[in-house]
Structure formats: C-alpha cells, structure tokens
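Start counting the sequence shown at 313; every next residue gets the next number (the working numbering).
Glycine included, each C-beta is placed from N, C-alpha and C at the ideal position.
Structure first, commentary second.
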Amino acid sequence: MQILIKQPHLEKLPKGEKWRLTIHLEIEKGESHTLWYEIPSTFVDYLSTEVADTFVVAYLLYAMQHKYDIISERPVSSHLLAMLNEYLIPFLSGINKSLYPVKVIAQEYTGTFNGNHCGTGISCGVDSLSTVIYHGMEEQVSSRRIDTLTLLNTGYYGHNEGNSEHYQSYVSQSAQFCKKFGYAFLTVDSNVSNLTQYDFLSAHTYLTCSTLLLFQKYFHTYYYASGYPVFNFEPNFKDPAYYDTFLLNCISTASLDFVSSCSVLSRVEKTKLIAAHPDVVKHLYVCLSGDATHNCSKCEKCVRTMLALEALGRRDVIADVFDIEIYRKNRVRYMSYMLRNRRHKVYYKEIYDTMRENGLSIPALAYINILPCQFELTNYKNRVKSLVKSSPLAEKIARKMLSR
Ligand SMILES: [Zn+2]
Numbered sequence: 313m314q315i316l317i318k319q320p321h322l323e324k325l326p327k328g329e330k331w332r333l334t335i336h337l338e339i340e341k342g343e344s345h346t347l348w349y350e351i352p353s354t355f356v357d358y359l360s361t362e363v364a365d366t367f368v369v370a371y372l373l374y375a376m377q378h379k380y381d382i383i384s385e386r387p388v389s390s391h392l393l394a395m396l397n398e399y400l401i402p403f404l405s406g407i408n409k410s411l412y413p414v415k416v417i418a419q420e421y422t423g424t425f426n427g428n429h430c431g432t433g434i435s436c437g438v439d440s441l442s443t444v445i446y447h448g449m450e451e452q453v454s455s456r457r458i459d460t461l462t463l464l465n466t467g468y469y470g471h472n473e474g475n476s477e478h479y480q481s482y483v484s485q486s487a488q489f490c491k492k493f494g495y496a497f498l499t500v501d502s503n504v505s506n507l508t509q510y511d512f513l514s515a516h517t518y519l520t521c522s523t524l525l526l527f528q529k530y531f532h533t534y535y536y537a538s539g540y541p542v543f544n545f546e547p548n549f550k551d552p553a554y555y556d557t558f559l560l561n562c563i564s565t566a567s568l569d570f571v572s573s574c575s576v577l578s579r580v581e582k583t584k585l586i587a588a589h590p591d592v593v594k595h596l597y598v599c600l601s602g603d604a605t606h607n608c609s610k611c612e613k614c615v616r617t618m619l620a621l622e623a624l625g626r627r628d629v630i631a632d633v634f635d636i637e638i639y640r641k642n643r644v645r646y647m648s649y650m651l652r653n654r655r656h657k658v659y660y661k662e663i664y665d666t667m668r669e670n671g672l673s674i675p676a677l678a679y680i681n682i683l684p685c686q687f688e689l690t691n692y693k694n695r696v697k698s699l700v701k702s703s704p705l706a707e708k709i710a711r712k713m714l715s716r
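Written as structure tokens, this is what we have:
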C-alpha cells in the first residue's frame, strides 16, 4: 500500500498576480489527490520544487493513518528523509497506536538552497505577536531577525472548498500589520487541509511547516510560534504544541531551520511582552468568533487573554483591545471559569498564579458562582447536538420531545 508523489507542475494564473503549483498524488485503490498551492508572483522564484519535502510532510499523518508508504519521484532533503524514517515516524506510532510505522522512500537530496530571510506567521494572536517582538523588533542577532510575515490557508479556516473566502477575510488585517511595521508579507492559499481532512488541532504544525518547505530558497529560519512552553513538553498527539521542539527539528532541512519560538515564555509572559509595546498591542486579535474585525470578548480565547491582562494589571489594554463593558459585566463568571480550570489547564494555572503573585483579589462570588460563561453554554449545546447526531436512540428521544 502506497502513496506515489508525482512531479509538480507550475502555471501562471490568468490575472498574472499568482502562480499555481499543482502536484498529483496517486493513492492505492484507484484514489488520487490533486494538491495545489497559490503563490504570489513575487515569491515564485523562491520555490524549491527540486525536492518533494512539502508533500511528504503534508501527507505524513495521512499515510500513517492509512498504512501507506510514501514513495516520491522527486528527491527529499537528506536530513528530513533520515529524521522522518529514523525518529519522527517511530515517535508518532509510539504515542498514537492508530498510526502505522510506514516508510518514506525517495532519493536523498544533498544540496542546499540559499535562503536569506527569517519569518513567522502573522495571525495577530498572542503567540504570533510575541514572536514578532521577540525575534523581530528585539532580536539581537541580525541574521536571525524576522523580516517576513506569513498568512497561510492550511487548515485554520476550515476544511471545506469555500474556506479560501474565509481565509481572504483575514489577509488584509495581516497585510496592514506588515505595511505598518515594515515587514515583507507572504500569503499562500492551498487545498492541503481540504484533501487531508486532519483534525486541525493535532496537525497544525505539519500543515503549516510543510507549506513553508516550498520556500527554502527564501527562508533559512522560520519561527513557528509555540502554543505551550517547553517546560510543558509532552508526547501528546492531541496537539503538536506539546512536542513541537522535537517535531520541528525532525522536519527541518539543511536549508530551512524551524524554531519553536518563545518556548521559554509562559502565555502570561508573552501577553506582558505584547502589552509593553503600545503600537503592537493595538493589533492583538485572539478571537475565535470568526469575525476578523474585532475581539468578541466572549469566546474562550478572548476571556483567557482579558484575564491575563487583568492579572498583569493592564485593564487599560483590555479597554483598548476588547469590550471593557462586556468584561465588567461577566468578570465574576470569567474568574469562576479560571478557578474551575486552574488545576488542569496550563493557561488558567498561569493566570491564577500571576493574580496571586501580584496580590490581585479574586471576588468571593467567583468561588461560589454556578453560572456558566457564554462559550461554555455554546460548547454544551454543540456537544448535545453531536450526541443526538451520533446516537439513533438520543435522536428519537429528541424528536419525541420536540413533537410534543
Ligand atoms: Zn472572541
């Protein structure tokens, strides 16, 4: 059983501003995938299509889920080829028993590309902006300083054919940030997440970094923003953020080094770093609501960030970036959520500890409050919906109740 990666094909799109790189993958049982990437014409000369690194990393989990060896007609960078077969595949099949220990079979590519840029993603979230400050504005070593920011359609915007539109609504926010602070901007659209249909949380590093491996003639270092500090390293397949420091080394090449950025900082420390830069913090956007125009102040990520800012004594930033009235009105519920989750969720433990260290008094009502936050209610509703969908008996009961 195998996936055969064929030769890529590059063509200019009609309007001339973009190029499309297409790659055909032949999969057993007569199935095939046509994977594409749309690249701005200003970056097309930097494509490293001599190697199949991108496609191998993008399809690694897919191949392991379906027990397919990956065979490539193009060579794979030697460091990547060795690390995949000798470290990453055994590691993944060790931590997730539903993944098969498959093989990547290709010729090794021993050459190097000469990229001379450093980059990171620009979603304007806490991990992203803290990386821009840490390795961009405050980086001491000039050859390691970020000069390019990216926004890639590789899964965050959903797995459906229409996700390109959703992704486009976020492009202008990122482009404006780059223009204001003098960074080059690279944005790439792709159907990689539509084809692989991965659970995004457990595959985001693979999807994003595989796409960046297309640009080994441009980047020599790419900072992948870490979700959890290295102190919380865990061989936990649910989210590569737990094991990114190991993973990023396995999927780097001699030409492109992936670094788990700010992995020595907690989320509260990252928030503090951003809050110390008034011109940057204005752009902070953490919201999960899907509306790119503002932070809703009600979703779990907005709540988490507002609480961190309060713990740091930065209510002024809450007022600038969030809706302070919504925060005031729901503060007891938000604090209560933090108290209930401080023992098993890293972020809430950090916020709680910072509040205690800074002598912030937590309202007594928060300890006895039983009213849920709005996002908890939405989560309950969605869980009930999926339970009803998956259980014919539950669906029957729900229908009976509705017909009364
Ligand atoms: Zn929100």
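Note on geometry: alpha-carbon atoms of Glu688 and Leu411 lie some 32 Å from one another.
Between Ile401 and Leu316, the CB-CB gap reaches or exceeds 7 Å. DSSP assignment within the segment 320 to 381 yields the following whole beta strand (DSSP E) runs of 3 residues or more, N-terminal first: 321 to 324, 330 to 339 and 344 to 352. Taking 7 Å as the cut-off, the beta carbon of Lys409 is found no closer than this to the beta carbon of Asp381. Less than 7 Å separates the beta-carbon of Ser572 from that of Asp556.
Annotation for Cys611: Cys599, Leu600, Ser601 and Phe687 place their beta carbon closer than 7 Å to its own, counting only its chain and skipping 5 residues before and after. Within the same chain, and ignoring the five residues on either side of Thr617 in sequence, the residues whose Cβ sits closer than 7 Å to its Cβ are Val438, Thr583 and Val598. One thing to note: Thr466 has its Cβ within 7 Å of the Cβ of Leu519. The beta carbon of Leu677 sits closer than 6 Å to the beta carbons of Val644 from its chain, once the five residues preceding and following it are set aside; these are given in chain order. Not one heavy atom of ligand 1 sits closer than 6 Å to the Cβ of Asn397.
Within the same chain, Cβ atoms closer than 7 Å to the Cβ of Ile638 are found at Ser609 and Lys610, the five residues on either side in sequence being excluded. A direct Cα-to-Cα measurement between Ile563 and Ser484 gives close to 30 Å. Those residues placing their Cβ nearer than 7 Å to any heavy atom of ligand 1 are, following chain order, Val598, Cys599, Leu600, Ser601, Asn607, Cys608, Ser609, Lys610, Cys611, Lys613 and Cys614. Residue pairing from DSSP places Gln314 in a beta bridge opposite Asp381. Residue burial is scored here from C-beta neighbours: Ser673 has fewer than 16 other C-beta atoms within 10 angstroms and is therefore classed as exposed. Note that the segment 359 to 376 touches the segment 526 to 538; at least 3 beta-carbon pairs, one per stretch, sit closer than 8 Å. In the three-state reduction of the DSSP assignment, His606 falls in the coil class, being assigned neither a helical nor a strand state. Pairing Tyr536 with Phe497 gives a Cβ-Cβ distance that is not under 7 Å.
Here Ala588 is exposed: its Cβ has fewer than 16 other Cβ atoms, across all protein chains shown, within 10 Å.
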